[in-house]
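A.B. asks: Submitted below is the structure of interest, expressed as structure tokens.
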Amino acid sequence: MKLPRRRLLLSAVGGAVALPSAQPGAQVPTWPSRPVHVIEGFGAGGTPDILARLLGQWLAEKFGQPFVVENKSGATGKIATETVVRAAPDGYTLLMIVPANVIDAVFRDSLKYDFIRDIAPVASIYRVPYVMDIHPSVPANTVSEFIAWAKTRPGKINMASAGTGTGTHVVGELFKMMTGVDMVHVPYRGTQVYPDLLGGQVQVFFGPLPSSIGYIKAGKLRALAVTTATRSAALPDVPTIGESVLGYEASAWFGMGAPRGTPVEVIGKLNKEINAALADPTMTVKLAEQGGEILAGSAADFGKLMVGETEKWAKVIQAANIKPD
């Protein structure tokens, strides 16, 4: 693993928090005067796509211009990100940001961009837990019971993920690090993990709540815990991992970004209306249906989140010696 580049990245991101990518003195014509494109990198029907479409409809009504959602899936979001990095910094091309963006920033040395440098934070939107899903054959009803059981079977338990270096992988590696449990990582491609998890070929998966909750409620999977610091309203009887493993916390979060150099006036308008949308009762109900919580705040707040998550997962990737396939 080429850590020098990552250390340089992390030493530089501190200056990114105060929205360095915006240009305060730029002369901005009336914006928007034509359609705005929102690029998301994980395909129709996924959480980023759902959020982009919900907010796009709101923003279109407020600004009087279409907000067109474009799905550019592939390469864990890199295709979408490269599209936005190369776009003109005029506010007409936006990016749905997900944890994979900051994980890749320290996981891959082959990126054609520097995510923290080249994408300006606009607004955070939403946070959802991962769920520690286990196959019903696993003889554990609590996290503590699972840890005790797993420690009697070092290297014999399969921990699935949606791919090496994805959020579902690194949150599992964090669990392994903090508990001393030895599990074998089995990477899949996205949601292809579920057939083998349901069939018992793999025993545990830290799955995004929106993807897992149907299987949990149907009794096909057992939810031992959620990964967030607090319990989820969608699964109120399911404890957090932190209740058993002190200090454990992880989540999938989503936000919106723009190319570096996008005028602060445009970012300010977008941030204001996104936060207004997140405070709207109708929108709140729709987002609650996805199983997460509102994550409102300023552009600078979102920048701090991006930096903090970059640093957090860089430590996990280094400690676990995770390398690209």
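Numbering (the working numbering), first residue to last: 310 to 634. Every residue gets a Cβ at the ideal spot worked out from N, C-alpha and C, and that includes glycine. Because the structure is a prediction, the values reported are computed rather than measured.
1) When you compare only the Cα positions, how much space is there between Met-565 and Arg-462?
2) Assess contact between the segment 364-379 and the segment 338-348, defined as three or more Cβ pairs (one per stretch) separated by less than 8 Å. Is contact present?
3) For Gly-601, does the three-state DSSP call read helix, strand or coil?
4) Would you grab the beta carbon distance between Val-575 and Ile-425 for me? Rounded to a whole angstrom, and I think it's under 8 Å.
5) Would you mind giving the Cβ-Cβ distance between Ile-348 and Ala-389, rounded to the nearest angstrom? I have them listed as a contact below 8 Å.
6) From the DSSP output, in three-state form, read off Ile-522 for me.
7) Mind checking Gln-510: buried by the 16 CB within 10 Å criterion, or exposed?
8) Of all the beta strand (DSSP E) runs that stay within the bounds of the segment 504-559, which reach a length of 3 or more residues?
9) What does DSSP give as the partner residue(s) for Thr-402 in the beta ladder?
10) Please check the pair Ile-456 and Gln-512, which I expect to be a contact at CB under 8 Å, by giving their CB distance rounded to whole angstroms.
11) Which residue from Val-479, Ser-446 and Ile-406 puts its Cα closest to that of Val-431?
12) Which residues bound the beta strand (DSSP E) around Asp-589?
13) State the start and end residues of the unbroken beta strand (DSSP E) segment that holds Ala-449.
14) Terminal residues of the continuous beta strand (DSSP E) containing Ile-631?
15) Can you give, in chain order, each stretch of the alpha helix (DSSP H) that sits fully within the segment 362-402 and has at least 4 residues?
16) Can you tell me whether Thr-488 is buried or exposed? The criterion is at least 16 other CB atoms within 10 Å of its CB, across all chains shown.
17) Taking the continuous alpha helix (DSSP H) assigned at Pro-408, which residues delimit it?
18) Measuring only the C-alpha atoms, how far is Pro-592 from Gly-400?
19) Using beta-carbon positions only, say whether Leu-530 and Tyr-439 come within less than 8 Å of one another.
20) Assess contact between the segment 572-587 and the segment 542-560, defined as three or more Cβ pairs (one per stretch) separated by less than 8 Å. Is contact present?
21) Measuring straight from C-alpha to C-alpha, what distance separates Thr-402 and Ile-583?
22) Measuring straight from C-alpha to C-alpha, what distance separates Ile-412 and Gly-606?
C.D. replies: According to the data block:
1) As a position in the sequence shown, residue 565 is number 256, starting the count at 1. As a position in the sequence shown, residue 462 is number 153, starting the count at 1. Each residue's Cα considered, the two are about 43 Å apart.
2) yes
3) Position 292 of the sequence shown, counting from 1, holds the residue named residue 601. Looking at Gly-601 - three-state DSSP - the assignment turns out to be coil, as it is neither helix nor strand.
4) Here the question's residue 575 lines up with position 266 in the sequence shown. Here the question's residue 425 lines up with position 116 in the sequence shown. Their Cβ separation, rounded to whole angstroms, is 20 Å, which puts Val-575 and Ile-425 out of contact at 8 Å.
5) In the sequence shown, residue 348 corresponds to position 39, counting from 1. In the sequence shown, residue 389 corresponds to position 80, counting from 1. Their Cβ separation, rounded to whole angstroms, is 5 Å, which keeps Ile-348 and Ala-389 in contact under 8 Å.
6) Position 213 of the sequence shown, counted from the start, is the residue given in the question as residue 522. Of the three classes helix, strand and coil, the one that applies to Ile-522 here is helix, per DSSP.
7) Residue numbering aside, residue 510 sits at position 201 when the sequence shown is read from its first letter. The residue in question, Gln-510, is exposed, as its Cβ has fewer than 16 Cβ neighbours within 10 Å.
8) 513-517 and 531-535
9) Here residue 402 is taken as the residue at index 93 of the sequence shown, counted from 1. DSSP, once it has assigned bridges, lists His-346 as partnering Thr-402.
10) Working through the sequence shown from its first residue, we reach residue 456 at position 147. Working through the sequence shown from its first residue, we reach residue 512 at position 203. Actually they are not in contact, since the Cβ atoms of Ile-456 and Gln-512 sit about 13 Å apart, beyond 8 Å.
11) Taking the first residue of the sequence shown as 1, we reach residue 431 at position 122. It is Ile-406 whose Cα lies nearest to the Cα of Val-431.
12) Taking the sequence shown and counting its residues from 1, the one referred to as residue 589 is at position 280. Where Asp-589 is concerned, there is no enclosing beta strand (DSSP E), given that its DSSP letter is neither H nor E.
13) Numbered from 1 along the sequence shown, position 140 holds the residue referred to as residue 449. First-last for Ala-449: undefined, no H or E at that position.
14) If you number the sequence shown from 1, residue 631 lands on position 322. Going by DSSP, Ile-631 is part of no beta strand (DSSP E) at all; its letter is neither H nor E.
15) As far as the segment 362-402 is concerned, its whole alpha helix (DSSP H) runs of at least 4 residues are 387-395.
16) Counting from 1 along the sequence shown, the entry for residue 488 is found at position 179. The residue is buried, with at least 16 neighbouring Cβ atoms inside 10 Å.
17) To locate residue 408, count along the sequence shown from 1; it is residue 99. Looking at the DSSP string, the run of the alpha helix (DSSP H) that includes Pro-408 is 408-416.
18) Along the sequence shown, one-based indexing puts residue 592 at 283. Along the sequence shown, one-based indexing puts residue 400 at 91. One point to set straight first is that residue 592 is Met, not Pro, in the sequence displayed. Their backbone Cα atoms lie some 23 Å apart in a straight line.
19) Residue numbering aside, residue 530 sits at position 221 when the sequence shown is read from its first letter. Residue numbering aside, residue 439 sits at position 130 when the sequence shown is read from its first letter. The criterion of a C-beta distance shorter than 8 Å is not satisfied by Leu-530 and Tyr-439.
20) no
21) The sequence position of residue 402 within the sequence shown is 93, counting from 1. The sequence position of residue 583 within the sequence shown is 274, counting from 1. Those two C-alpha atoms are separated by around 16 Å.
22) In the sequence shown, counting from the first residue as 1, residue 412 sits at position 103. In the sequence shown, counting from the first residue as 1, residue 606 sits at position 297. Spanning the two alpha carbons is a distance of roughly 22 Å.
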